[in-house]
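Residue numbers (this note's numbering), protein chains in the order written: chain A, 541 to 718; chain B, 22 to 113.
Input: a single structure, listed below in structure tokens.
And the structure:
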């Protein structure tokens with residue numbers, strides 16, 4: 541049901557020409573994805589998906605649109621045969637690959653066997669944080685998280701530098717600064 | 022009873038989606054988006070009660086807030102054509 545929603549929205553995004561409508565539909569897509577995550581009991585992932593996908597990225601995309609135009613050009617129609625064949629082949633291969641995967645929620649899956657029991661059993665004593673996901677992110681994989689934060693910080697600084705450059709080039713501000 | 026409610030919300034979601042796709046004007050789409058977000062909140066709340074975890078209500082609240090921010094951003098974009106960065110607008 542929800543996956544059918546996703547398919548419909550994706551086709552609409554491809555089909556439409558109005559970029560604002562496309563942005564709204566993309567936000568909708570994230571909301572539906574977040575519902576699927578909640579139904580699969582991955583509440584924290586759903587939180588992130590809703591906040592980033594439906595909230596922030598909609599706002600960022602709109603800010604981009606205010607700098608560019610609103611309608612997209614009709615794309616040229618290239619020969620689509622070879623790309624379609626490649627896409628279908630890749631999809632079939634991936635689906636074939638999923639046959640070997642364990643079922644969803646299978647207790648014998650390698651994911652549940654490897655380090656998860658240790659996290660579940662020992663993390664309250666070793667770390668003392670009630671939430672298991674938090675203890676994994678902040679303690680067991682602390683350096684990993686630190687690196688991620690550094691990457692995001694760098695990206696934010698880069699974007700700010702780009703935007704400030706653009707602002708400084710406007711003529712009347714140049715006079716004020718020189 | 023929760024199942025029936027979930028079904029009703031799903032039907033409402035389909036109707037909102039249709040209006041979103043067909044919507045002749047942008048305002049139809051904004052309204053559809055907003056009410057679809059509300060349906061999302063309802064779905065999460067009902068699913069929480071259906072699965073016996075009423076603490077999903079908190080998540081539903083956060084979704085309502087996010088939905089509100091998105092709608093405000095879109096409306097502001099249509100009112101002013103920008104998201105409040107006047108210096109960029111003047112430079113063009």
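Every residue gets a Cβ at the ideal spot worked out from N, C-alpha and C, and that includes glycine.
Identify the continuous alpha helix (DSSP H) that holds residue i and give its terminal residues.
i	result
residue 672(A)	672-675
residue 666(A)	656-666
residue 48(B)	47-71
residue 589(A)	Residue 589(A) -> no alpha helix (DSSP H), and no H or E assigned at all.
residue 79(B)	77-101
residue 34(B)	23-43
residue 637(A)	621-638
Around the Cβ of residue i, are there at least 16 other Cβ atoms within 10 angstroms (buried) or fewer (exposed)?
i	result
residue 68(B)	buried
residue 594(A)	buried
residue 636(A)	exposed
residue 46(B)	exposed
residue 668(A)	exposed
residue 580(A)	exposed
residue 621(A)	exposed
residue 699(A)	exposed
residue 639(A)	exposed
residue 601(A)	buried
residue 99(B)	exposed
residue 545(A)	buried
residue 543(A)	exposed
Taking the CB atoms as reference points, tell me whether residue i and residue j lie closer together than 7 Å.
i	j	result
residue 577(A)	residue 586(A)	yes
residue 88(B)	residue 58(B)	yes
residue 64(B)	residue 571(A)	no
residue 66(B)	residue 78(B)	yes
residue 589(A)	residue 603(A)	no
residue 642(A)	residue 649(A)	yes
residue 71(B)	residue 23(B)	yes
residue 556(A)	residue 562(A)	yes
residue 42(B)	residue 552(A)	yes
residue 74(B)	residue 564(A)	no
residue 91(B)	residue 598(A)	yes
Name the chain C residues whose beta carbon is nearer than 9 Å to that of residue i?
i	result
residue 565(A)	Of the chains in the structure shown, none is chain C; the protein chains are A and B.
Among the options, whose alpha-carbon lies nearest the alpha-carbon of residue i?
i	options	result
residue 54(B)	624(A), 630(A), 560(A), 660(A)	560(A)
residue 703(A)	607(A), 557(A), 546(A), 588(A)	607(A)
residue 583(A)	672(A), 662(A), 656(A)	672(A)
residue 548(A)	25(B), 100(B), 52(B), 35(B)	35(B)
residue 678(A)	659(A), 639(A), 693(A), 694(A)	659(A)
residue 80(B)	682(A), 605(A), 664(A), 591(A)	591(A)
residue 558(A)	597(A), 605(A), 545(A), 542(A)	605(A)
residue 38(B)	48(B), 90(B), 91(B), 56(B)	56(B)
residue 655(A)	670(A), 676(A), 696(A)	676(A)
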